[in-house]
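Keeping their order, the protein sequence lines are chains A and B.
The first sequence maps to residues 1 to 315 in my numbering.
The second sequence maps to residues 316 to 630 in my numbering.
Every residue, glycine too, gets a C-beta built ideally from N, C-alpha and C.
Bear in mind that the values here come from a model prediction, so they are computed numbers and not experimental data.
Protein chains: 2
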Amino acid sequence: MKTLKSLGEFGFIKEIRRWPRSGRKALVGIGDDTAVFSLPRGPLICFTTDTLVEGVHFERSALPRRVGWKSMAVNLSDVAAVGGIPKYAVASITIPKWVNWPYLKSFYSGALDCAGRFGVELVGGDTVKGRELSITISLVGIVEKGELTLRRGAKSGDSLYVTGYLGGSLAGRHLTFSPRLPESRFLVKHIRPTAMMDVSDGLIQDLGHILEESRSGAEIWLDKIPVSRAARKLSAGDRNAALSSACQDGEDFELLFTVSPRKAPVLEKMWPRRFAVRLTKIGRMTAAFRGIIYTDKGIRIARPNWLNKEGYRHF
Amino acid sequence: MKTLKSLGEFGFIKEIRRWPRSGRKALVGIGDDTAVFSLPRGPLICFTTDTLVEGVHFERSALPRRVGWKSMAVNLSDVAAVGGIPKYAVASITIPKWVNWPYLKSFYSGALDCAGRFGVELVGGDTVKGRELSITISLVGIVEKGELTLRRGAKSGDSLYVTGYLGGSLAGRHLTFSPRLPESRFLVKHIRPTAMMDVSDGLIQDLGHILEESRSGAEIWLDKIPVSRAARKLSAGDRNAALSSACQDGEDFELLFTVSPRKAPVLEKMWPRRFAVRLTKIGRMTAAFRGIIYTDKGIRIARPNWLNKEGYRHF
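Dropping the structure here:
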């Protein structure tokens, strides 16, 4: 029998995708970073939603301003993931007894600060009472047809890149990260990645989504993975622990994307002139039947045993 | 000192509206039934979100199919409230341990059924774990500029109408109601109401929003208010209790709207030919300084003492 636990979050999403449903007019429906559709006469629209719940995505002790920032930033990261331009947001908040007015003001100032910095306007929402603090922000943006970049489209031979540093985000960065919107806009305008997504559930798990949607395999160069300072610190000199953290912690909100070999040199030349954010080539795409191949310092190795656990699972 | 309790939900919304915020490009922002904005080259877009929380908007014992239906229908009702056409939805669900796979399947089938009946496609969402079941659906639709109908715009002398029957919704109808989309579309196309909203927090409280936004007063004819069978039954023959229920219970999700006296006869002639849903004239708009005037069988009466309590308050 199917259970929520046996299905897991992604099994659950796969199930939902299969159910009979009206419409199917959307260009991108359930299962990518954002939904994409068009309206009469208009541009393509991307539409995404994310929920943060206390004790899961933040602790009660976290600064409310930062919780507000994160609640907006995770949605912006989803829009960046497809190459879109975020425009309007609505925020629905469930407020338990322990939340007071100063907390709420501070929370909203963080969310509005993040929205403002990326040109997004908060236009509505809902406020209800409940037993745990929970925030759902939904975001509408636009994306030009030629710039829309999804998880499908990576081809054997493409270079695999990631922005920034990975791992140890829960030590603090998950509340203060900057969604990679300018970087995404640059990429879709000038480089046209073949596939792209944001790293939210851990590098290896998220890469799995690109492989599945693109029907391809990948070679990962472990010695090239940009391990964050937080992940290094938490692992106290244990290289495997640091790599495990970088590959599986989740909540990095960096861009993971693939670029045709022809475009890779241009990308690597232009990037440092525009962005202070690090860009790292961490592998390349291969044929689908190869799955994920791991190399360390150029030598092929077996699947590392610290990869036993999967990425973050909700159920 | 300001507290959440002293502010209440509407004070809270007023506060948020005042805060400095980027943008302000939206045609309708925080505080109406949906936000409305345009995107380059496109039609006007309406954007709304609603959260249902267990123990507040439904009980655990409620049929999950109905909870799913309601979670979609409340959003559709918001789009109906402004005269829009709903198009795409995303659903974010927080799942506690007591929710199993059959519950979820049934929940989604209810939400998808409701979406399908009104031409809406579910295109994405988020699933997270938490301690209480909570569903936030956000909806994007379109609305023609000439058809957009807001809470502002009612004028002294306009007739005040409500669809359906009011009160006692919590006895069951709040889980099975039909959003008044066809009715709303008819009204904005053929009658052009001067102001409109859906009754979600109780007739008197919601009418207050129209008065405030339109800067007008109203005369309410108590003997004309369409009291639902459920409200009658619950009040066991006590007329005041039944009226109190109809005026204040909330969750009716009927349309409340105002029509210029010139259009009223056309409306009353066309309505019964098109809809089985009842339409009732329950009063008329007056000058703002008059506030709300109550009449019973044509005679002006003092503010009824059963109106002491306000509509539903979240905090």
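Interface residues of chain B around residue i at Cβ under 9 angstroms?
i	result
Pro40 (chain A)	Gly357, Pro358, Ile457
Phe37 (chain A)	Lys402, Tyr403, Glu436, Val438, Val455
Skipping 5 residues on each side, what residues in its chain have a beta carbon closer than 6 angstroms to that of residue i?
i	result
Phe12 (chain A)	none
Thr363 (chain B)	Thr349, Asn390, Asp393, Leu454
Ala603 (chain B)	Arg530, Ser531, Gly532
Arg290 (chain A)	Gly217
Gly125 (chain A)	Val90, Ala91, Ser92
Asn240 (chain A)	Trp306
Val562 (chain B)	Reading off the sequence, residue 562 (chain B) comes out as Cys, not Val. For Cys562 (chain B), where only same-chain residues beyond five positions count, the Cβ hits under 6 angstroms are Leu518, Ile519.
Asp223 (chain A)	Asp296, Lys297
Ile540 (chain B)	Ala561, Ile597
Starting from residue i, find everything on chain B with Cβ-Cβ shorter than 8 angstroms and list it in chain order.
i	result
Ile30 (chain A)	Leu437, Val438, Gly439, Gly440
Leu7 (chain A)	Trp416
Thr34 (chain A)	Gly439
Relative to the C-alpha of residue i, which candidate in the options has its C-alpha closest?
i	options	result
Gly263 (chain B)	B:Ala557, B:Ile597, B:Leu419, B:Gly346	Shown here, chain B extends from 316 to 630; a query on residue 263 (chain B) therefore has no answer.
Ile345 (chain B)	B:Glu528, B:Arg375, B:Leu427, B:Gly468	B:Glu528
Ser71 (chain A)	A:Ala89, A:Ser61, A:Ser38, A:Glu144	A:Ala89
Asn203 (chain A)	A:Arg192, A:Ile292, A:Phe275, A:Arg273	It should be noted that the sequence gives Leu, not Asn, for residue 203 (chain A). Looking at the Cα atoms, A:Ile292 is the closest of the given residues.
Ala396 (chain B)	B:Ile450, B:Asp347, B:Tyr418	B:Asp347
His190 (chain A)	A:Arg41, A:Gly283, A:Thr94, A:Gly83	A:Gly83
Ser109 (chain A)	B:Asp513, B:Gly439, B:Arg332	B:Arg332
Tyr153 (chain A)	A:Phe107, A:Met196, A:Pro182	This sequence places Gly at residue 153 (chain A); Tyr is not what is there. For the residues A:Phe107, A:Met196, A:Pro182, the minimum Cα distance to Gly153 (chain A) belongs to A:Met196.
Val128 (chain A)	B:Leu437, B:Arg356, B:Ser421, B:Thr451	B:Thr451
Arg466 (chain B)	B:Pro497, B:Leu448, B:Val438, B:Val514	B:Val514
Ala579 (chain B)	B:Lys329, B:Arg381, B:Asp473, B:Arg554	B:Asp473
Asp201 (chain A)	A:Ser6, A:His57, A:Ala62, A:Thr3	A:His57
Trp416 (chain B)	A:Ser6, A:Gly42, A:Met270	A:Ser6
Ser499 (chain B)	B:Ile614, B:Val438, B:Thr464	B:Thr464
Val368 (chain B)	B:Ala388, B:Arg588, B:Ser449	B:Ser449
Tyr418 (chain B)	B:Thr366, B:Glu330, B:Glu436, B:Ala377	B:Ala377
Ile210 (chain A)	A:Thr286, A:Arg232, A:Val277	A:Thr286
How is the alpha helix (DSSP H) around residue i delimited, first residue to last?
i	result
Lys105 (chain A)	101-117
Pro272 (chain B)	The displayed coordinates of chain B run from 316 to 630. Any statement about residue 272 (chain B) would go beyond what the structure contains.
Val636 (chain B)	What is shown of chain B runs 316 to 630, which leaves residue 636 (chain B) out entirely.
Val394 (chain B)	379-397
Below 7 angstroms on C-beta distance, what does residue i contact in chain B?
i	result
Ser134 (chain A)	Thr409, Gly445, Ser449
Ser138 (chain A)	Thr364, Val405, Ser453
What does residue i reach in chain A if we use C-beta pairs closer than 8 angstroms?
i	result
Phe327 (chain B)	Leu104, Thr127
Val382 (chain B)	Ordered by position in chain A, no residue passes the 8 angstroms Cβ test against Val382 (chain B), which lies about 15 angstroms from the chain.
Ala341 (chain B)	Tyr88, Glu121, Val123
Thr610 (chain B)	Residues of chain A passing the Cβ test: none, with the nearest at roughly 35 angstroms.
Could you please give the first and the last residue of the uninterrupted beta strand (DSSP E) stretch that includes residue i?
i	result
Gly606 (chain B)	From DSSP, Gly606 (chain B) is part of no beta strand (DSSP E); its letter is neither H nor E.
Glu219 (chain A)	216-221
Phe501 (chain B)	Premise fails: Phe501 (chain B) lies in the alpha helix (DSSP H), 496-501, not in any beta strand (DSSP E).
Val514 (chain B)	510-514
Arg615 (chain B)	614-616
Val28 (chain A)	No beta strand (DSSP E) holds Val28 (chain A); DSSP gives it neither H nor E.
Val351 (chain B)	350-353
Taking Cβ-Cβ distances shorter than 7 angstroms, what residues in chain A pair up with residue i?
i	result
Ile331 (chain B)	Tyr108
Val368 (chain B)	Thr94, Val128, Gly130
Excluding five sequence neighbours on each side, which residues of the same chain lie with their C-beta closer than 8 angstroms to the C-beta of residue i?
i	result
Ile316 (chain A)	Because residue 316 (chain A) is not part of the residues shown, which for chain A are 1 to 315, the question remains open.
Leu485 (chain B)	Asp564, Glu566
Gly130 (chain A)	Thr94, Ile95, Pro96
Arg689 (chain B)	In the structure displayed, chain B extends from 316 to 630; residue 689 (chain B) sits before or after that span and is not available.
For residue i, decide whether its Cβ has a neighbour in chain E, counting only Cβ atoms nearer than 7 angstroms.
i	result
Val389 (chain B)	Protein chains A and B are contained in the structure displayed, whereas chain E is not.
What does residue i touch in chain A if you count any residue whose Cβ is under 9 angstroms from its own?
i	result
Val371 (chain B)	Thr94, Val128, Lys129, Gly130
Thr464 (chain B)	The contacting residues do not exist; Thr464 (chain B) stays about 17 angstroms from chain A at best.
Just to confirm my understanding: we take residue i, look at its own chain, exclude 5 residues before and 5 after, and list those with CB closer than 7 angstroms. What are they?
i	result
Arg488 (chain B)	Ala545
Gly277 (chain B)	Outside the shown range of chain B, which is 316 to 630, sits residue 277 (chain B), and nothing can be said about it.
Arg303 (chain A)	Tyr294
Ser235 (chain A)	Ala241, Ala242, Ser245
Phe501 (chain B)	Arg589
Thr176 (chain A)	Arg66, Trp69
Is any heavy atom in the ligand SAH found nearer than 6 angstroms to the beta carbon of residue i?
i	result
Asp249 (chain A)	Here there are no bound small molecules, and the ligand SAH is not part of this structure.
task = Write down every uninterrupted run of the beta strand (DSSP E) in the stretch 445-492 of chain B whose length is 3 residues or greater and which is fully enclosed by it, in chain order.
result = 449-458, 474-478
ask   = Enumerated in chain order, which unbroken segments of the beta strand (DSSP E) with a length of 3 residues or greater are wholly contained in the stretch 538-608 of chain B?
value = 569-574, 594-602
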